[in-house]
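Asker:
In my numbering, the protein residues as written are 92 to 559.
As structure tokens, this is what we get:
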């Protein structure tokens, strides 16, 4: 159940985060304002007129709906930047309204129906959630406020703006535009021991990845000592990126037709299916309590495919080892005519139920501006969705290990394209059908055949044919 975080609690979290954030010292400092010029004292005994004092501004409290745990996992977004906003605008208070992630979108709809949605709403559009909020009339359009306040939607990547635009209108402001699961995290020590040259940041081939996995997989099939690769195929984010890597999209541009009977889809599924057939991918029962990151840190997994959220967790798991090994990250391989990576866009959106629309946009913009990008890059190793992120990266110390990782993120982020969600906004249903159907392949319950792909396509199309 959602609980509001009052100002006193919020400031206590700010103090705790400031003391515990390992990378906070790397964050660019806010410039100190120059002191105001000193006025000359009035001459003689001429009385000085009293200047009229502005009326005290009425206090405004903004409620920010967000996923529970964000204040610990992403303090730059939910602690530090709101604190700076409150210092800049003393009449504004920000109250966090954390909601458990698995209840989040249901709770947002419940609050909206009760008229208690508050002022700013975190949203994703991975499964059409943000767009559904817009269609249901829960979100403010953005361009009028941006224009009136000297800003422009051109500050953010086209893929991010595209994802937040519905019927020609942009809703909310982008938090991020991750390229989804397009990164390969690999154990450099294992590569070196096997005589495999370290791959370049971009440009490794699909054939090379297969060779690496074949070489690095160790032990009998039923009791692997080292698994060659772990593939993140738990959602359409990862699955659709592999399809794009082979040169196709999941859906047509209108979001009305599933394209999975095409040859690119079949080639992508055949490529992934091969790793499972050869028992080179760890099953859930093979994973320790820390999941695949823990398996990687234990030296039992050579290669992980995943999204940007894996980097920080892998680093933490490896850094605490008595003898940390070397590891690195490169872009996932793709064919020459590959499509752009799937943009996974998050946003903070002023709601139509706010009584303070200007202040709600001030908060949403603060969570999408250049300063926000500086904090996020320095503290948690995440890029925003800004076109000037490269300037933020360049300002980091060359000795900071995060810098090279952020540059790779940025280069992959520039390749993102609209995620092509379903026109009827049934993204969650499409994700469920896609995952459940393809899991039968990975688990060996079905064989990859044209008939299987035909049945899979029909099941997805049935979802796409439903009404809005």
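Glycine residues also receive a C-beta, built at the ideal position from the N, C-alpha and C atoms.
Just so you know, these numbers come straight off a predicted model, no measurement behind them.
Sorted by chain position, which residues of the same chain lie with C-beta nearer than 6 Å to residue 445's C-beta, five sequence neighbours on each side aside?
Answerer: As a position in the chain shown, residue 445 is number 354, starting the count at 1. So the qualifying residues of the chain are 210 and 451.
Asker: What residues in its chain sit with their C-beta under 7 Å from that of residue 295, if we drop five residues either side in the sequence?
Answerer: By one-based count along the chain shown, residue 295 stands at place 204. These residues qualify, in order along the chain: 421 and 424.
Asker: Identify, in the order they occur along the chain, each residue of the same chain with its Cβ nearer than 7 Å to the Cβ of residue 371, setting aside the five sequence neighbours on each side.
Answerer: The residue given as residue 371 occupies position 280 in the chain shown. Correct list, in chain order: 304, 308, 318, 319 and 320.
Asker: Are residue 431 and residue 218 closer than 8 Å when you measure CB to CB?
Answerer: Within the chain shown, residue 431 is the residue found at index 340, counting from 1. Within the chain shown, residue 218 is the residue found at index 127, counting from 1. Cβ atoms of residue 431 and residue 218: not closer than 8 Å.
Asker: So what's residue 443 in DSSP terms, helix, strand or just coil?
Answerer: For this step, residue 443 is matched to residue 352 along the chain shown. Looking at residue 443 - three-state DSSP - the assignment turns out to be coil, as it is neither helix nor strand.
Asker: Tell me which residues share the same chain as residue 51 and place their Cβ nearer than 6 Å to its Cβ, disregarding the 5 neighbours each side in the sequence.
Answerer: There is simply no residue 51 to check, as the chain begins at 92 and stops at 559 in what is shown.
Asker: With DSSP collapsed to three states, give me the class of residue 518.
Answerer: Here the question's residue 518 lines up with position 427 in the chain shown. Residue 518 falls in the helix class under three-state DSSP.
Asker: Nearest to residue 473 by alpha carbon, out of 503, 453 and 374?
Answerer: In the chain shown, residue 473 corresponds to position 382, counting from 1. Among 503, 453 and 374, the Cα nearest to that of residue 473 belongs to 503.
Asker: What residue range is occupied by the uninterrupted alpha helix (DSSP H) comprising residue 543?
Answerer: The residue you call residue 543 lines up with position 452 of the chain shown. Residue 543 -> alpha helix (DSSP H) spans 541-555.
Asker: In the structure shown, what three-state DSSP assignment does residue 275 receive?
Answerer: Locating residue 275 in the chain shown gives position 184, where the first residue counts as 1. In this structure, residue 275 counts as strand in the three-state DSSP scheme.
Asker: For the candidate residues 346, 237 and 442, whose alpha-carbon lies nearest to that of residue 225?
Answerer: Working through the chain shown from its first residue, we reach residue 225 at position 134. Residue 442 is the option with its Cα nearest to residue 225.
Asker: Could you pull out every residue in the same chain whose Cβ sits closer than 8 Å to the Cβ of residue 337, ignoring the five residues on either side in sequence?
Answerer: The sequence position of residue 337 within the chain shown is 246, counting from 1. Closer than 8 Å at the Cβ level, and outside the excluded window around residue 337, lie 355, 356, 358, 359, 362, 425, 426 and 429.
Asker: What whole-angstrom Cβ distance do residue 156 and residue 213 have, given they're in contact under 8 Å?
Answerer: The residue given as residue 156 occupies position 65 in the chain shown. The residue given as residue 213 occupies position 122 in the chain shown. Right, their Cβ atoms sit about 6 Å apart.
Asker: Please name the residue, chosen from 222, 189 and 149, that lies closest to residue 559 on a Cα-to-Cα basis.
Answerer: For this step, residue 559 is matched to residue 468 along the chain shown. Among 222, 189 and 149, the Cα nearest to that of residue 559 belongs to 222.
Asker: Under 8 Å by Cβ, that's how I've got residue 453 and residue 176 pegged, so tell me the actual separation to the nearest angstrom.
Answerer: For this step, residue 453 is matched to residue 362 along the chain shown. For this step, residue 176 is matched to residue 85 along the chain shown. Between residue 176 and residue 453 the Cβ distance is about 7 Å, and since that is below 8 Å, they are a contact.
Asker: With residue 521 and residue 327 assumed to form a contact (beta carbons below 8 Å), what rounded beta-carbon distance in angstroms separates them?
Answerer: Residue mapping note: residue 521 aligns to position 430 of the chain shown, counting from 1. Residue mapping note: residue 327 aligns to position 236 of the chain shown, counting from 1. Contact flag correct, Cβ pair sits at about 7 Å.
Asker: Considering only their Cβ atoms, is the gap separating residue 529 from residue 324 smaller than 8 Å?
Answerer: Sequence index remark: in the chain shown, residue 324 carries index 233 (1-based). Sequence index remark: in the chain shown, residue 529 carries index 438 (1-based). In contact: residue 324 and residue 529 (Cβ atoms closer than 8 Å).
Asker: Which residue or residues does DSSP assign as beta-bridge partners of residue 184?
Answerer: Taking the first residue of the chain shown as 1, we reach residue 184 at position 93. Per DSSP, 152.
Asker: Output the distance between the C-alpha atoms of residue 389 and residue 407, rounded to the nearest integer angstrom.
Answerer: If you number the chain shown from 1, residue 389 lands on position 298. If you number the chain shown from 1, residue 407 lands on position 316. Between residue 389 and residue 407, the C-alpha separation is close to 13 Å.
Asker: With distances taken between CB atoms, is the gap from residue 180 to residue 150 smaller than 8 Å?
Answerer: Working through the chain shown from its first residue, we reach residue 180 at position 89. Working through the chain shown from its first residue, we reach residue 150 at position 59. Not a contact, by the Cβ cut-off of 8 Å.
Asker: Run through the DSSP bridge pairs and tell me what residue 418 is partnered with.
Answerer: Along the chain shown, read from residue 1 onward, the residue named residue 418 stands at position 327. 278, per the DSSP bridge assignment.
Asker: Please specify which runs of the alpha helix (DSSP H), each continuous and at least 4 residues long, are wholly inside the segment 178-259, giving them in chain order.
Answerer: Fully enclosed alpha helix (DSSP H) runs of 4 or longer: 195-204, 220-226, 234-239 and 249-254.
Asker: Of the choices 281, 271 and 299, whose alpha-carbon is the least far from that of residue 330?
Answerer: The residue labelled residue 330 in the question sits at position 239 within the chain shown. The candidate whose alpha carbon is nearest that of residue 330 is 271.
Asker: Could you give the first and the last residue of the continuous beta strand (DSSP E) run that contains residue 268?
Answerer: Taking the first residue of the chain shown as 1, we reach residue 268 at position 177. It spans 264-269 - the beta strand (DSSP E) in which residue 268 sits, taken as one unbroken run.
Asker: Out of curiosity, what's the CA-to-CA distance linking residue 199 and residue 208?
Answerer: In the chain shown, residue 199 corresponds to position 108, counting from 1. In the chain shown, residue 208 corresponds to position 117, counting from 1. When rounded, the distance between both Cα atoms is 7 Å.
Asker: Using a Cβ-Cβ cutoff of less than 7 Å, which residues in the same chain neighbour residue 466 once the five nearest sequence positions on both sides are dropped?
Answerer: If you number the chain shown from 1, residue 466 lands on position 375. Cβ neighbours of residue 466 beyond the five flanking positions: 118, 167, 171 and 172.
Asker: Where does the unbroken alpha helix (DSSP H) through residue 472 begin, and where does it stop?
Answerer: Position 381 of the chain shown holds residue 472. First-last for residue 472: undefined, no H or E at that position.
Asker: In the DSSP assignment, the beta strand (DSSP E) including residue 360 goes from what residue to what residue?
Answerer: Taking the chain shown and counting its residues from 1, the one referred to as residue 360 is at position 269. Here residue 360 belongs to no beta strand (DSSP E); instead the alpha helix (DSSP H) covers 354-368.
Asker: Can you check DSSP and say which residues form a bridge with residue 392?
Answerer: Taking the chain shown and counting its residues from 1, the one referred to as residue 392 is at position 301. According to DSSP, which records beta bridges pairwise, residue 392 is partnered with 318.
Asker: Please return the same chain residues whose Cβ sits closer than 7 Å to the Cβ of residue 457, not counting the five positions on each side in sequence.
Answerer: The sequence position of residue 457 within the chain shown is 366, counting from 1. For residue 457, where only same-chain residues beyond five positions count, the Cβ hits under 7 Å are 172, 176 and 463.
Asker: Quick one: what's got a C-beta closer than 7 Å to residue 545's C-beta in the same chain, skipping five residues either side?
Answerer: Counting from one through the chain shown, the residue named residue 545 turns up at place 454. Correct list, in chain order: 352.
Asker: Ordered along the chain, which non-local residues of its own chain (more than five positions away) have a Cβ less than 6 Å from that of residue 290?
Answerer: Translated into positions along the chain shown, residue 290 becomes position 199. For residue 290, where only same-chain residues beyond five positions count, the Cβ hits under 6 Å are 421.
Asker: Quick check: the Cα distance between residue 619 and residue 449, rounded to an integer number of angstroms?
Answerer: In this structure the chain extends from 92 to 559, so residue 619 is not present and cannot be described.
Asker: Specify the secondary structure class of residue 559 as computed by DSSP and reduced to three states.
Answerer: Taking the chain shown and counting its residues from 1, the one referred to as residue 559 is at position 468. Reduced to three states, the DSSP call for residue 559 is coil.
Asker: Could you give the DSSP three-state label for residue 436: helix, strand or coil?
Answerer: Reading the chain shown from its first residue, position 345 is the one you call residue 436. Reduced to three states, the DSSP call for residue 436 is strand.
Asker: Would you decide whether residue 536 is buried or exposed? Buried here means 16 or more other CB atoms lie within 10 Å of its CB.
Answerer: As a working mapping, residue 536 is identified with position 445 in the chain shown. The residue in question, residue 536, is exposed, as its Cβ has fewer than 16 Cβ neighbours within 10 Å.
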